[in-house]
């Protein structure tokens with residue numbers, strides 16, 4: 001954490017007049033019951049009495065309610081958006097919890113007990129004592145194929161997932177391969193079709209047999225679901241068209257990582273660009289360990305200048 | 001160099017400061033007080049209370065001030081405050097038949113017991129900008145006795161001796177009433193939940209949905225049975241006392257819309273009803289709500305569900321402007337990870353197509369060569 005950021009978050013202070021973690025205890029209990037049910041039925045979307053949060057719907061209200069329901073004073077919280085700790089919405093949500101709980105925060109994946117994320121799964125493998133909370137905009141994997149909730153609930157009840165296979169097949173017949181780049185549909189524990197929130201396909205395999213508890217909160221749509229530790233999570237595919245993840249011909253320009261998700265950064269208006277790790281903590285850790293990409297130096301200079 | 005996502009904290013702090021400055025406007029001019037907003041912008045206050053689901057003109061005016069007049073933002077502020085409030089009691093149903101009337105009209109009957117009472121309405125004003133207001137000054141006093149007439153019976157009930165209009169029977173006293181703010185919306189939704197959803201719904205959405213039923217998307221043949229505005233008492237039961245206690249008055253607008261119904265196998269032809277209720281003087285909202293309520297009763301009345309306004313999931317899921325505004329505007333948040341995935345995919349697909357074309361051209365060249373030989 002940079003000095004400026006530490007100063008900013010310390011200035012927040014814990015806000016008086018609100019219950020620990022904003023929600024009242026009855027509401028937290030209601031959310032915890034929904035979480036327990038979600039853990040008991042992996043991949044099943046549990047309807048819950050989602051509350052109005054002081055942040056807008058679509059900006060992480062579901063994830064925030066899940067985090068508020070499970071966070072304790074001893075927790076260390078990490079919040080990321082697009083893999084980075086310092087994107088504006090991650091900063092805003094982290095600051096909200098600092099003001100509402102006073103818990104310790106970190107940017108280090110290894111140090112966090114609770115990680116709230118939007119659109120990414122950290123590159124550093126998670127441990128058994130960690131919880132990963134996903135912010136989910138649309139929880140229903142069948143929504144683009146069937147807009148009606150009454151219908152999709154029936155389809156889940158009957159494990160009627162043929163339409164999704166047909167959709168993937170149509171992709172292949174039209175484009176030669178499955179054209180779903182993010183939010184890739186998965187089967188959880190061999191029973192429920194699940195949407196892993198819009199994470200890139202690259203992150204989908206990380207859900208499988210993960211040691212951490214993975215919780216998914218959709219505030220506006222009022223659903224919670226979960227993948228308990230060491231649960232089978234299988235992307236839908238075909239024998240002759242197996243699931244594949246994105247690959248880059250470049251390595252990270254800062255830490256030279258060849259196996260992390262890379263963001264493309266436009267450098268000028270002449271087509272110049274660089275590729276860097278989207279997971280800022282992972283990238284920083286590798287640089288600290290001495291890994292250097294071709295453009296690492298100016299970045300380090302800038303850090304030193306701060 | 002790589003600066004795209006750095007500096008988020010400072011940027012947020014600066015944005016808040018700029019916003020506060022813009023809200024205040026020119027400091028050479030006196031600051032607007034919350035009391036002024038409450039008294040002089042009551043139409044805005046009423047809408048914020050209705051869609052914010054809190055009857056508190058003071059807080060609604062504060063929300064409007066803080067949101068610099070942006071209604072949906074003010075509604076959001078009030079909702080986010082409401083969610084933190086403890087639930088002390090559930091009131092008894094308000095009795096609008098006992099309303100102290102300030103406005104009451106019916107379009108079904110030329111006259112009725114108690115008469116038509118226009119009250120404070122825009123209806124017959126000519127919408128000409130009143131330049132006198134630029135200069136300010138107080139209006140001439142309204143004539144005595146124009147406000148808060150005594151309770152009057154409800155028109156629809158009064159003229160329903162023949163039973164041509166469906167009767168609305170109250171549910172049992174102990175029947176549970178749904179609450180969307182505690183339980184998620186599930187389908188099919190009962191009328192209690194639907195009405196709660198519509199009462200909190202965005203006025204523009206209801207207006208458009210109601211309007212669509214007048215233009216042939218679900219024919220409803222509506223007539224205004226009665227619109228009434230005025231004050232009603234709110235009572236709560238105190239178990240220790242064994243009777244209800246009046247805790248205060250609220251101003252509401254109620255609309256009873258009467259609609260033609262051709263009858264079905266089990267029901268003879270009759271008039272059916274749609275219902276609308278809003279805090280304050282919110283007639284447009286109450287009327288639109290009653291049209292949509294009636295349209296959503298299609299299934300219950302055995303009508304075909306063919307139009308958007310009759311479709312429960314479509315109407316109810318998209319009616320809340322706090323939800324809609326948040327989700328539409330979340331597109332402003334960074335999505336560069338997903339976009340990167342799509343970029344990678346599109347590049348791959350284009351490369352494949354290009355490779356395919358090259359292969360085809362090569363093959364054609366070969367064929368031509370063979371033909372030439």
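Protein chains in written order, with the working numbering: chain G, 1 to 306; chain F, 1 to 373. For each residue, glycine too, the CB sits at the ideal point set by N, CA and C. Predicted, not measured: the structure shown is a model, and the values here were computed from it.
- Of all residues in the stretch 59-73 of chain F, none has a C-beta nearer than 8 Å to a C-beta of chain G.
- Per the coordinates, the alpha-carbon of residue 75/F lies some 33 Å from the alpha-carbon of residue 169/F.
- If you check the CB distance, residue 256/G and residue 293/G come in under 7 Å.
- Counting C-beta pairs closer than 8 Å gives three or more between the stretch 217-236 of chain G and the stretch 183-194 of chain G, which meets the contact rule.
- Burial of residue 105/F is indicated by the presence of at least 16 other C-beta atoms within 10 angstroms of its C-beta.
- Rounded to whole angstroms, residue 322/F and residue 65/F show a C-alpha spacing of 18 Å.
- Between the stretch 45-61 of chain G and the stretch 324-342 of chain F there are three or more C-beta pairs closer than 8 Å, enough to call the two in contact.
- Remark: C-beta atoms of residue 202/G and residue 245/G approach each other more closely than 7 Å.
- In the displayed model, residue 255/F falls within a strand according to three-state DSSP.
- Counted as a single uninterrupted DSSP element, the stretch harbouring residue 183/G is not any beta strand (DSSP E), since DSSP gives it neither H nor E.
- In this chain, the alpha helix (DSSP H) harbouring residue 174/G covers 162-175.
- Under the Cβ criterion of 7 Å, residue 49/G is counted among the residues facing chain F.
- With its beta carbon at least 7 Å from every one in chain F, residue 235/G lies outside the interface.
- Look at residue 214/G here: in three-state DSSP terms it is strand.
- Between the stretch 289-302 of chain F and the stretch 263-279 of chain F there are three or more C-beta pairs closer than 8 Å, enough to call the two in contact.
- Runs of the alpha helix (DSSP H) lying entirely within the stretch 38-97 of chain G and spanning at least 4 residues, in chain order: 61-70.
- With respect to residue 83/F, residue 51/G sits close: the two C-beta atoms are nearer than 7 Å.
- If you check each beta-carbon in the stretch 157-190 of chain G against every beta-carbon of chain F, the ones closer than 9 Å belong to 175, 176, 177, 179, 180, 181, 182, 183.
- For the pair residue 82/G and residue 217/G, the CB atoms are not nearer than the 7 Å cut-off.
- Against chain F, the CB of residue 244/G has no partner CB under 7 Å away; the residue lies outside that interface.
- Residue 46/F does not reach chain G, its nearest Cβ partner there being about 20 Å away, counting only Cβ pairs nearer than 9 Å.
- Interface residue (Cβ-Cβ distance to chain G less than 7 Å): residue 20/F is not classified as such.
- A direct Cα-Cα distance of roughly 50 Å separates residue 296/F from residue 74/G.
- Judged by DSSP secondary structure, residue 35/F falls within the alpha helix (DSSP H) whose first and last residues are 34-40.
- With respect to the C-alpha of residue 45/F, the residue from 220/F, 103/F, 57/F having the closest C-alpha is 57/F.
- About 5 Å separates the beta carbon of residue 220/F from that of residue 259/F, a gap short enough to meet the 8 Å contact definition.
- Note that the C-beta distance between residue 228/F and residue 203/F is not below 7 Å.
- DSSP, reduced to helix, strand and coil, places residue 118/G within a strand of the structure shown.
- When Cβ-Cβ separations below 7 Å define contact, residue 184/F makes contact with chain G.
- At a Cβ-Cβ threshold of 7 Å, residue 134/G and residue 106/G do not count as neighbours.
- By the beta-carbon neighbour count (other beta carbons within 10 angstroms, threshold 16), residue 125/G is exposed.
- Counting along the chain, no beta strand (DSSP E) covers residue 78/F; the unbroken alpha helix (DSSP H) around it starts and ends at 71-82.
- Contact between residue 104/G and residue 78/G is absent: CB atoms are separated by about 10 Å, not below the 8 Å threshold.
- In the displayed model, residue 241/G falls within a strand according to three-state DSSP.
- For the stretch 68-97 of chain G, residues whose beta-carbon sits nearer than 7 Å to a beta-carbon of chain F comprise 81, 82, 83, 84, 86, 87, 88, 89, 91, 92.
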